[in-house]
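J.: Pasting in a structure now, in structure tokens, and then I'll have a few things to ask.
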Amino acid sequence: EADIYQTPRYLVIGTGKKITLECSQTMGHDKMYWYQQDPGMELHLIHYSYGVNSTEKGDLSSESTVSRIRTEHFPLTLESARPSHTSQYLCATDRGRGNEQFFGPGTRLTVL
Amino acid sequence: AQKVTQAQTEISVVEKEDVTLDCVYETRDTTYYLFWYKQPPSGELVFLIRRNSFDEQNEISGRYSWNFQKSTSSFNFTITASQVVDSAVYFCAPRDNAGNMLTFGGGTRLMVKP
């Protein structure tokens, strides 16, 4: 079973605030991912990383940024949150091609 | 690029009924991978099954079984003797050969009533 942690689980903030969503894993996997999911809708990949110092944008454009300084951590940052950023953000990791992705519990973000 | 169609947006069954969730995908890759995930109300995605495009053998695992038909690009998932705890949104997701991205379908919401 994968050990992927996301904090906070729930976050309600005001417009204009800077926020960082944390994601960490203890699996030692090189690949990590961030997905955005609106309630009841499909998941969209917004960022991924092949390993330390590697970050790529996914197929859904996002105003967020990510960093990968350590294998275990893949934080996502919004410099200035807006109501349009309200969504669930899911972090995932895997061993590479062909393998299943393991997901964290998600962060439900609400921007007022 | 890959595309996934889960035509059934919502299914409602009574406990102990069998239910099949449909998935049709499009891909240009000759080698790819297919996955099913379950998302209960808690929001976390739970991995269920994986299939390689070069292995069309269908299998059964407990109450779960799947039917992979490469000729029709379908990867259907069946739950036998459904239970209330099976109530969730189920996502079908192919993964390209480069292995970078899962492409998620719109999901099928399954409601199992007692």
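Protein chains in written order, with the working numbering: chain A, -11 to 100; chain B, 3 to 116.
C-beta atoms are modelled at their ideal positions from N, C-alpha and C, and glycine is treated no differently.
Quick check: glutamine -6/A and serine 75/A, are their CB atoms within less than 8 Å of each other?
T.: Position 6 of the first sequence, counting from 1, holds the residue named residue -6/A. Position 87 of the first sequence, counting from 1, holds the residue named residue 75/A. No. Outside cutoff.
J.: Per DSSP, aspartate 82/A forms a beta bridge with which residues?
T.: The count along the first sequence starts at 1 and reaches residue 82/A at position 94. DSSP output for aspartate 82/A lists Lys19/A as bridge partner(s).
J.: In chain A, what lies closer than 8 Å to tyrosine 92/B by C-beta?
T.: Against the second sequence, residue 92/B aligns to sequence position 90. Here the premise fails: no neighbours, minimum Cβ distance about 12 Å.
J.: Along the chain, where does the beta strand (DSSP E) containing valine 87/B start, and where does it finish?
T.: Along the second sequence, read from residue 1 onward, the residue named residue 87/B stands at position 85. It is not in any beta strand (DSSP E) - valine 87/B carries neither H nor E in the DSSP assignment.
J.: Give me the residue from Ser14/B, Pro116/B, Asp24/B, Ala83/B with the minimum Cα distance to phenylalanine 37/B.
T.: Here residue 37/B corresponds to residue number 35 of the second sequence, with the count starting at 1. The candidate whose alpha carbon is nearest that of phenylalanine 37/B is Asp24/B.
J.: Can you give me, in chain order, the residues of the stretch 58 to 89 of chain A that have a beta carbon less than 9 Å from any beta carbon in chain B?
T.: Cβ contacts with chain B come from Gln76, Leu78, Ala80, Asp82, Gly84, Arg85, Gly86, Asn87, Glu88, Gln89.
J.: Can you give the Cα-Cα distance for arginine 70/A and valine 16/B, rounded to whole angstroms?
T.: As a first step, residue 70/A is located in the first sequence; it is residue number 82 there, counting from the start. As a first step, residue 16/B is located in the second sequence; it is residue number 14 there, counting from the start. About 42 Å.
J.: Compare the beta carbon distance of valine 6/B and phenylalanine 79/B with 8 Å and say whether it is the shorter of the two.
T.: Here residue 6/B refers to the residue found at position 4 of the second sequence. Here residue 79/B refers to the residue found at position 77 of the second sequence. No; because the gap between Cβ atoms is not below 8 Å, this pair is not in contact.
J.: Inspect the beta-carbon positions of leucine 9/A and threonine 95/A and report whether they are closer than 8 Å.
T.: Numbered from its first residue, the first sequence carries residue 9/A at position 21. Numbered from its first residue, the first sequence carries residue 95/A at position 107. In this structure, threonine 95/A lies closer than 8 Å to leucine 9/A by Cβ.
J.: Using a 10 Å radius around the Cβ and a threshold of 16 neighbouring Cβ atoms, would you call serine 50/A buried or exposed?
T.: Counting from one through the first sequence, the residue named residue 50/A turns up at place 62. Label assigned to serine 50/A: buried.
J.: So that I know if they touch, is there some Cβ in chain B lying closer than 8 Å to that of methionine 15/A?
T.: Your numbering for residue 15/A matches position 27 in the first sequence. Output row for methionine 15/A: interface = no.
J.: If you measure between the beta carbons of serine 52/A and threonine 43/A, is that distance less than 8 Å?
T.: Start at 1 with the first residue of the first sequence, and residue 52/A comes out as number 64. Start at 1 with the first residue of the first sequence, and residue 43/A comes out as number 55. The answer is no: Cβ separation not under 8 Å.
J.: Since arginine 96/A is in the beta strand (DSSP E), which residue starts that stretch and which ends it?
T.: For this step, residue 96/A is matched to residue 108 along the first sequence. 95 to 99 is the extent of the beta strand (DSSP E) around arginine 96/A.
J.: Please report the straight-line C-alpha distance between leucine 100/A and glutamine 85/B, rounded to a whole angstrom.
T.: Locating residue 100/A in the first sequence gives position 112, where the first residue counts as 1. Locating residue 85/B in the second sequence gives position 83, where the first residue counts as 1. Using only the alpha carbons, I get a separation of about 38 Å.
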